[in-house]
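Since the structure comes first, as structure tokens, the remarks are kept for the end.
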Amino acid sequence: MDIYLDNNATTPLHPEVKKEIKNFLNNYGNPSSMHETGRKVKSKIKKARENVAEFFDAPANDIIFTASGSESNNTVLKSVLFNNYDFTPHIITTNIEHPAVLETARFLEKNGIEVSYLNVNKDGVVTPEQVLKEIKDNTVLVSIMWANNEIGTLQPIREIGEILEDKDILFHSDAVQAAGKIKLSLRKSKLDFASFSGHKIYAPKGIGVLYFKNFEKNKKTLVPLIHGGHQEKGFRASTENTIGIVAIGKACEQLNKEIDDEIKRIKNLRDLFEKKVEKEIDDIIINGKKAPRLPGTSNITFKRVEGESILLRLDLNGIRVSTGSACSTGSLDPSHVLMAISNKAEVAHGSVRFTFGRENTKKDVDRTVKILKKEINTLRKMSPIK
Amino acid sequence: MSDDLWVYSDKVKNHFTNPKNILEVDEKEYDYDGKGQVGSPACGDMMVVYIKVENQKIKDFKWKTFGCASAIASTSVLSEMVTRNGGMSLEKAYEITPEQIIENLEGLPANKIHCSVLGDKALRAAIDDYFKKQEKKNPYKDEDVEIVCECFNISKEDIRMEVLEGATNFSILQARTKIGTQCGKCIDKTKKLLKEYVDKYYKEKIYNPEKD
Ligand code: FES
Numbered sequence: 001m002d003i004y005l006d007n008n009a010t011t012p013l014h015p016e017v018k019k020e021i022k023n024f025l026n027n028y029g030n031p032s033s034m035h036e037t038g039r040k041v042k043s044k045i046k047k048a049r050e051n052v053a054e055f056f057d058a059p060a061n062d063i064i065f066t067a068s069g070s071e072s073n074n075t076v077l078k079s080v081l082f083n084n085y086d087f088t089p090h091i092i093t094t095n096i097e098h099p100a101v102l103e104t105a106r107f108l109e110k111n112g113i114e115v116s117y118l119n120v121n122k123d124g125v126v127t128p129e130q131v132l133k134e135i136k137d138n139t140v141l142v143s144i145m146w147a148n149n150e151i152g153t154l155q156p157i158r159e160i161g162e163i164l165e166d167k168d169i170l171f172h173s174d175a176v177q178a179a180g181k182i183k184l185s186l187r188k189s190k191l192d193f194a195s196f197s198g199h200k201i202y203a204p205k206g207i208g209v210l211y212f213k214n215f216e217k218n219k220k221t222l223v224p225l226i227h228g229g230h231q232e233k234g235f236r237a238s239t240e241n242t243i244g245i246v247a248i249g250k251a252c253e254q255l256n257k258e259i260d261d262e263i264k265r266i267k268n269l270r271d272l273f274e275k276k277v278e279k280e281i282d283d284i285i286i287n288g289k290k291a292p293r294l295p296g297t298s299n300i301t302f303k304r305v306e307g308e309s310i311l312l313r314l315d316l317n318g319i320r321v322s323t324g325s326a327c328s329t330g331s332l333d334p335s336h337v338l339m340a341i342s343n344k345a346e347v348a349h350g351s352v353r354f355t356f357g358r359e360n361t362k363k364d365v366d367r368t369v370k371i372l373k374k375e376i377n378t379l380r381k382m383s384p385i386k
Numbered sequence: 001m002s003d004d005l006w007v008y009s010d011k012v013k014n015h016f017t018n019p020k021n022i023l024e025v026d027e028k029e030y031d032y033d034g035k036g037q038v039g040s041p042a043c044g045d046m047m048v049v050y051i052k053v054e055n056q057k058i059k060d061f062k063w064k065t066f067g068c069a070s071a072i073a074s075t076s077v078l079s080e081m082v083t084r085n086g087g088m089s090l091e092k093a094y095e096i097t098p099e100q101i102i103e104n105l106e107g108l109p110a111n112k113i114h115c116s117v118l119g120d121k122a123l124r125a126a127i128d129d130y131f132k133k134q135e136k137k138n139p140y141k142d143e144d145v146e147i148v149c150e151c152f153n154i155s156k157e158d159i160r161m162e163v164l165e166g167a168t169n170f171s172i173l174q175a176r177t178k179i180g181t182q183c184g185k186c187i188d189k190t191k192k193l194l195k196e197y198v199d200k201y202y203k204e205k206i207y208n209p210e211k212d
């Protein structure tokens, strides 16, 4: 049996979501149609929107369906460009963002917008003070990810929100990695916008969410990325991805019931895994261990061996993980986060990310540690580094 | 070569899972005639090779590698290439190109070629070391350092080494060495030399003068 430990990359469909999709497949109606075939689908979308809103603790009116987390991120950031300010706007983000934010920010820069990229400290976190120091008269947007995908560190979103509260600055968070793994309350967060993705929370690929605080009142603050029909209250044209919407609605409904227990269970698995690895394998570093981080993420550097070769050897044993090694990403730069917390390229090159999800069990932990120990041993034997 | 970035050939997979000729003892015990090292842990690839020489042939080749699957597999396949049939002559071994290693691996994903095929370079370093230890001149290395590009102090031998390490057209060579980017008077001569070496080592298979 394969062991899937790459739940930060994507997640398998929740069994209830699978069932829901199957049952829905005959509902081909266009929710914009007036007839019953369409109306039936429309009401299912309404229900899905309510489930998503409830799970993230937000009003249903403030939930916009998109095609992906990347689309939601692009919508928020590119609005700074499309809004045509009569001054040069400035935005603040971090250098550990997902490419959907980082590359979009670089695109804005090319188009004349000022961008500050905050560095994370050695715990992998940006502090509210750093944000405060960077604010200028022309700052219009702050975009900071909720949880980091590689080592899982959580950013102080609530505290940063408090700093920005009395200022005329919009606050966005890419919450794709945090969703479904920790409990989120958008109402308490002081965020203006947040991005989510279906396939990280046991729903399919191709469905995303944009949280838009007080949509009715504030809809002019953002510019739609896709113009056309009146779907999503006129903010996001395109005939709805009905299957995706129904699926993400079901996923949220299920997670809402399961999340408290799952957080505990997954954290226990992760902690057990790290304890066992520490005991069985020497010369390792658990990255981000001291920082507040996601309960299911474990990022470990195995000294003297390179990440991709560990990944592939585990893969041949049916264990699926990922690595921060530059070799595997196609870029030659090792990960920003790992460089920030360690200041050593070697730490990034030898790092492997294990991310646990709802399907993992204690047996998976035992087998993974056993095989890991064997493969690390073999690879270290051929390593010239002492 | 495979178009898919992530699919390694079966040959790579075999050498990766079951690598040949790893140095299993301490290097002092192995009693080598030459040792070559390239890369560093910070670059993500590091390789040390050891050779034993007899009658100007490589009698034995052992190695250690820190790196990704293709780095491990390419050193392993190189160890077979140079020890096959009673050992490769030092002369031929000194002129091994990454292309030959890749051919022996039945291809590598495009994004892996320049970063992970370091074996030929390490082997040349080991042969240099062998001659140094013997206190002899390396007959396969052109010690006469005729300078081609004065602005960047690049010799004929430097260009030959770059070609052996995969600089098969002028843009790659220029990106790696900056040759010809200052006054430019060396460009014609460099292109002529480049063609000569590429013809010699790559048998006109890759070099396409039209491209430059
Ligand atoms: S001699 Fe080469 S650039 Fe001047």
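Sequences listed follow chains A and B, in order. Numbering-wise, UniProt numbering puts 126 at position 126 of the first sequence, and it's gapless, one number per residue. Numbering-wise, UniProt numbering puts 142 at position 142 of the second sequence, and it's gapless, one number per residue. Backbone N, C-alpha and C define an ideal beta-carbon position, used for all residues, glycine too.
Inter-residue Cα distance where the pair is residue i and residue j
| i | j | result |
| --- | --- | --- |
| A/P384 | B/W63 | 8 angstroms |
| A/G307 | A/S351 | 5 angstroms |
| A/S309 | B/N21 | 18 angstroms |
| A/I169 | A/L141 | 5 angstroms |
| A/R279 | B/S76 | The displayed chain sequence assigns Lys, not Arg, to residue 279 of chain A. So the two alpha carbons sit approximately 32 angstroms from each other. |
| A/P31 | A/T239 | 8 angstroms |
| A/S322 | B/D120 | 30 angstroms |
| B/A167 | A/T94 | 37 angstroms |
| A/D283 | B/D60 | 32 angstroms |
| A/K233 | A/D2 | 43 angstroms |
| A/T11 | A/K363 | 19 angstroms |
| B/G39 | B/S79 | 18 angstroms |
| B/N153 | B/I147 | 6 angstroms |
| B/D3 | A/G38 | Residue confidence is low: B/D3 scores 43 on pLDDT, short of 50, so the model does not pin down where it sits. No coordinate-derived value is stated. |
| A/D62 | A/Q231 | 14 angstroms |
| A/T329 | A/I286 | Legend: pLDDT at A/T329 = 49, less than 50; position of this residue unreliable, value from coordinates given subsequently. Rounded to the nearest angstrom, the two C-alpha atoms are 21 angstroms apart. |
| A/D261 | A/V17 | 19 angstroms |
| A/R367 | A/I319 | 9 angstroms |
| A/L379 | A/S342 | 23 angstroms |
| A/L132 | A/E162 | 11 angstroms |
| A/S298 | A/K205 | 24 angstroms |
| A/N268 | B/T177 | 53 angstroms |
| B/K156 | B/C186 | 11 angstroms |
Among the options, nearest to residue i - alpha-carbon criterion
| i | options | result |
| --- | --- | --- |
| A/E109 | A/K78, A/T127, A/V131 | A/K78 |
| A/L210 | A/E346, A/L186, A/V125, A/T94 | A/L186 |
| B/K200 | B/L123, B/K92, B/I179 | B/K92 |
| B/K192 | B/K141, B/Q182, B/C151, B/V163 | B/V163 |
| A/K190 | A/A175, A/I157, A/Q177 | A/I157 |
| A/F302 | A/E346, A/W146, A/D315 | A/E346 |
| B/K132 | B/A69, B/T181, B/E103, B/D33 | B/D33 |
| A/G244 | A/T37, A/K290, A/A203, A/A340 | A/A203 |
| A/H98 | A/G152, A/E262, A/Y85, A/N23 | A/G152 |
| B/I159 | B/M81, B/E196, B/P19 | B/E196 |
| B/G67 | B/M47, B/N55, B/L105 | B/M47 |
| residue 394 of chain A | A/N149, A/E150, A/I144 | Outside the modelled stretch of chain A, which goes from 1 to 386, sits residue 394 of chain A, for which no answer is possible. |
| B/K141 | B/Q134, B/I187, B/A125 | B/A125 |
| B/Y50 | B/Y30, B/C43, B/G44 | B/Y30 |
| B/C183 | B/P98, B/E150, B/A42 | B/E150 |
| A/K188 | A/M339, A/Y4, A/F56 | A/F56 |
| A/N121 | A/V115, A/E129, A/E114 | A/E129 |
| B/S171 | B/G36, B/T190, B/D10 | B/T190 |
| A/G208 | A/N214, A/K217, A/R236, A/N360 | A/R236 |
| B/V198 | B/E95, B/L118, B/K28, B/A69 | B/E95 |
| A/N377 | A/V277, A/G229, A/I226, A/Q254 | A/V277 |
| residue 296 of chain B | B/M81, B/Q174, B/A73, B/D129 | As displayed, chain B neither begins before 1 nor continues past 212, which places residue 296 of chain B out of reach and without an answer. |
Residue i Cβ short of 7 angstroms to the ligand FES heavy atom set
| i | result |
| --- | --- |
| B/F170 | no |
| A/I286 | no |
| B/C151 | yes |
| B/I179 | yes |
| B/Q182 | yes |
| B/K185 | yes |
> Quick one, which residues of the segment 35-46 of chain B are near chain A if we go by CB-CB under 7 angstroms, in chain order?
Replying inline: So the close ones are P41, A42, G44, M46.
> Just by C-beta distance, which residues in the segment 60-75 of chain B are closer than 7 angstroms to chain A?
Replying inline: When CB distances to chain A are screened at a threshold of 7 angstroms, the residues of the segment 60-75 of chain B falling below it are K64, T65, F66, G67, C68, A69, I72, in chain order.
> At a Cβ cut of 8 angstroms, what residues of the segment 285-306 of chain A count as close to chain B, listed as they run along the chain?
Replying inline: Flagged, chain order: R304, V305, E306.
> Can you give, in chain order, each stretch of the alpha helix (DSSP H) that sits fully within the segment 59-124 of chain B and has at least 4 residues?
Replying inline: Here the runs fully enclosed are 69-83, 90-94, 98-104, 113-116.
> Where are the alpha helix (DSSP H) runs, 4 residues long or more, that stay fully inside the segment 54-118 of chain A, in chain order?
Replying inline: Correct list: 69-82, 99-110.
>> Against chain B, which members of the segment 335-350 of chain A pass a CB distance test of less than 7 angstroms?
In response: If the cut-off is 7 angstroms between Cβ atoms, the segment 335-350 of chain A has A345, E346, H349 near chain B.
>> If the cut-off is 8 angstroms on Cβ atoms, which residues from the segment 308-323 of chain A count as contacting chain B, listed in chain order?
In response: The residues in question are E308, S309, L312, R313, L316.
>> Quick check for students: name the residue ranges of the alpha helix (DSSP H) that lie wholly in the segment 13-39 of chain A, counting only runs of 4 or more.
In response: If we require 4 residues or more, the alpha helix (DSSP H) runs fully inside the segment 13-39 of chain A come out as 15-24.
> What residues in the segment 10-23 of chain B bring their beta carbon closer than 9 angstroms to a beta carbon of chain A?
Replying inline: Within the segment 10-23 of chain B, the residues whose Cβ lies closer than 9 angstroms to some Cβ of chain A are K13, F16, T17, P19, I22, L23, listed in chain order.
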